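Per my numbering, residue 842 is the first one in the sequence shown, and the count goes up by one each step.
Every residue gets a Cβ at the ideal spot worked out from N, C-alpha and C, and that includes glycine.
Note that the structure is predicted; figures quoted are calculated from it, not measured.
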Amino acid sequence: MNRFVLYFSREGFHRFQALVLNPWPSALLGLFLSCLAVISWAENHSGRQALTLDRAIQLAHDHDPWLAGNLYSQQALEAKAGAASSLPSPTVSLEFANWPTDSFDFNQEPMTQFKVRVSQRFPRGDSLAINEKKLRRLSSQFPYQRLDRRAKVASRVSQRWLDAYKAQESIALIENDRALFEQLVDLAQSRYSTAVGRSRQQDLIRAQLELTRLEDRLTILRLQRDQALADLSEWTGGVYEPQLSAYEAFELPLSVARKLPQIKMLAMNATAPVDTHTATAKLPRELWFLLSHPAVKALDRQYDASKADVELMREGNKPQWGVNVGYGFRGNDLAGEDQADFLSVGVNFDLPLLTRNRQQHRFKAAIAGAGAVQMKKQLLLKKMLASLRAAQVELDALTYRQTLFVDQLLPQMSDQSEASLTAYTYDDGDFDEVVRSRIGELNAQIEALSIVVDRQKIIARLNYFYSVQWSDASASINNPPRLLLESDDE
842 MNRFVLYFSR EGFHRFQALV LNPWPSALLG LFLSCLAVIS WAENHSGRQA
892 LTLDRAIQLA HDHDPWLAGN LYSQQALEAK AGAASSLPSP TVSLEFANWP
942 TDSFDFNQEP MTQFKVRVSQ RFPRGDSLAI NEKKLRRLSS QFPYQRLDRR
992 AKVASRVSQR WLDAYKAQES IALIENDRAL FEQLVDLAQS RYSTAVGRSR
1042 QQDLIRAQLE LTRLEDRLTI LRLQRDQALA DLSEWTGGVY EPQLSAYEAF
1092 ELPLSVARKL PQIKMLAMNA TAPVDTHTAT AKLPRELWFL LSHPAVKALD
1142 RQYDASKADV ELMREGNKPQ WGVNVGYGFR GNDLAGEDQA DFLSVGVNFD
1192 LPLLTRNRQQ HRFKAAIAGA GAVQMKKQLL LKKMLASLRA AQVELDALTY
1242 RQTLFVDQLL PQMSDQSEAS LTAYTYDDGD FDEVVRSRIG ELNAQIEALS
1292 IVVDRQKIIA RLNYFYSVQW SDASASINNP PRLLLESDDE
């Protein structure tokens, strides 16, 4: 909690006491205290703007309109599937038949009757059950699409958050090093003004020039940071709710957390089948793993639905049946005697002979549609496998570079920088070498930061491909998975 401490002199305290006791200025006091409360709220609010990676992903998952729209699409298809198994409504007809027009007497003619007819049509073959199966298979793809979306969102938000983090920490490194360059300017100016050793005017100009270049780098990095934060706000920003006619604002990332989270890389647990004689058993291990990815599973459900569509087209060659029942009520005859009523029962069906050519083309179209889904799956697997292998190679290279920088390059650059500065201080070195070594050390620090951040970005990308464990049957598809961070173990 923020605390505001007011310091008063003795005279100031008496003036403040007079303000409180005076009824008119007390309104000003209330306004003053209100302003303090607003400032306190603003400081507390600004303190919450250091957005952590886990929080950013949670916000993106919780407020993603795509997920809600996908769930609505699933509910719509499930409702259609529930209605698809229903028979069409029966048809009822009421009519007066054979009514004499000379007298309109219902009992005049023996054939005059009041007829009620009910007819019912039945779809071709098992088309109702097959259509319901098709719709339910289509609806079953949506949970996997949501799992894939959550994995993609986690990866994309991680990329943008880490971009903002890299720019932010690069700014911190330069601002921290700028003090050293300012000291170099002071040192060069002092040695030049006192004509100590081999100090030259160009040393002073060179130091000032490098300080200006640092300011330019800071401007570029601030722009990159602001752009990354703006991109991040696409996922963590507000959302417009039409039913509320209001804009609901969430946390706007004014900055990201200073601590870099260590993203855990998910494990590849898929194993090849025991039967190694089959052709599919010889697939690469990564491909076996990707076959269980939510995006691939969604295409499997689409293919199952397309196979049901082929079955549905095959049912189109069967006749459509219908039954009808009619009852004719007759009045009394001219003698006043009752007349027997009429009951009619009939069956009708069509013969799809003239539509055979049309059905053949529909059947071919359904088969082609199923083949298109298979090719789409193969294309997705090829793309994912290539991206997975490329990311693994890049991760290995970044891991090696990180070790090289930490164990060798950074200590060597620091030693060189200190040695050149010491030599120049004792008039035994060149100022250009001091500047070059300082700039080289700063660039190495920024490059090391970039390597560490890029390695985390690669792990976030790899975790998208390893998100197969999120599609376990025991997992709740409606609950978004959180990004696995080292801090989650605590």
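Exercise. In chain order, what residues of the same chain have a beta carbon less than 8 angstroms from the beta carbon of S793, not counting five sequence neighbours either side?
Worked result: Nothing can be reported for residue 793, as the shown portion of the chain is limited to 842 through 1331.
Exercise. Who does R1171 pair with in a DSSP beta bridge?
Worked result: Q954
Exercise. For G1098, which residues of its own chain have a beta-carbon under 6 angstroms away from its beta-carbon, when the five flanking residues on both sides are left out?
Worked result: Residue identity check: residue 1098 is Ala in the sequence provided, not Gly. Contacts found: A891, T893.
Exercise. By how many angstroms is the C-alpha of A1207 removed from the C-alpha of P906?
Worked result: 32 angstroms
Problem set entry | Alpha carbon of E1282 to alpha carbon of D1248, nearest angstrom | 14 angstroms
For this session: Please list, in chain order, all residues of the same chain as S926 whose beta carbon is under 6 angstroms from its beta carbon, the five residues on each side excluded.
Result: L969, E973
Exercise. Quick one: what's got a C-beta closer than 6 angstroms to G888's C-beta in the same chain, skipping five residues either side?
Worked result: Bear in mind that the predicted position of G888 carries a pLDDT of just 45, short of 50, making it unreliable; the figure below should be weighed with that in mind. Answer for G888: no residue qualifies.
Exercise. So, using beta-carbon positions, are V1293 and L1101 closer together than 8 angstroms?
Worked result: yes
For this session: Mind the definition here: the region 1137-1156 touches the region 976-987 only if three or more C-beta pairs lie below 8 angstroms; say whether that holds.
Result: yes
Problem set entry | E1178: first and last residue of the uninterrupted alpha helix (DSSP H) it sits in | E1178 -> no alpha helix (DSSP H), and no H or E assigned at all.
Exercise. Ordered along the chain, which non-local residues of its own chain (more than five positions away) have a Cβ less than 6 angstroms from that of E919?
Worked result: S980
For this session: Note down the Cα distance separating K1159 from D1191, rounded to an integer number of angstroms.
Result: 9 angstroms
For this session: Select from L1251, R1279, L1250, P1252 the residue whose C-alpha is nearest the C-alpha of T1263.
Result: R1279
Exercise. Is R962 helix, strand or coil when you go by DSSP?
Worked result: strand
Exercise. Excluding five sequence neighbours on each side, which residues of the same chain lie with their C-beta closer than 8 angstroms to the C-beta of D1174?
Worked result: N948, P951, Q1180
For this session: Have a look at Q1297, S1258, E1075 and flag the residue whose alpha-carbon is nearest the alpha-carbon of Q1286.
Result: S1258
Problem set entry | Contiguous alpha helix (DSSP H) assignments of at least 4 residues, all confined to the region 1238-1273 | 1251-1266
For this session: Closer than 7 angstroms by C-beta to L804: which residues in its own chain qualify, once you throw out the five before and the five after it? Chain order, please.
Result: Nothing in the structure corresponds to residue 804, since the chain is present only between 842 and 1331.
Exercise. For L892, which beta-bridge partners are listed by DSSP?
Worked result: V1097
For this session: Look at the alpha carbon of Q916 and the alpha carbon of L1226, and state the distance between them as a whole number of angstroms.
Result: 32 angstroms
For this session: Ignore the nearest five residues each way along the sequence and tell me which others in R896's own chain have a CB closer than 6 angstroms to its CB.
Result: none
For this session: Within the same chain, show all residues whose beta-carbon is closer than 8 angstroms to that of R1242, passing over the 5 residues directly before and after it, in chain order.
Result: I1292
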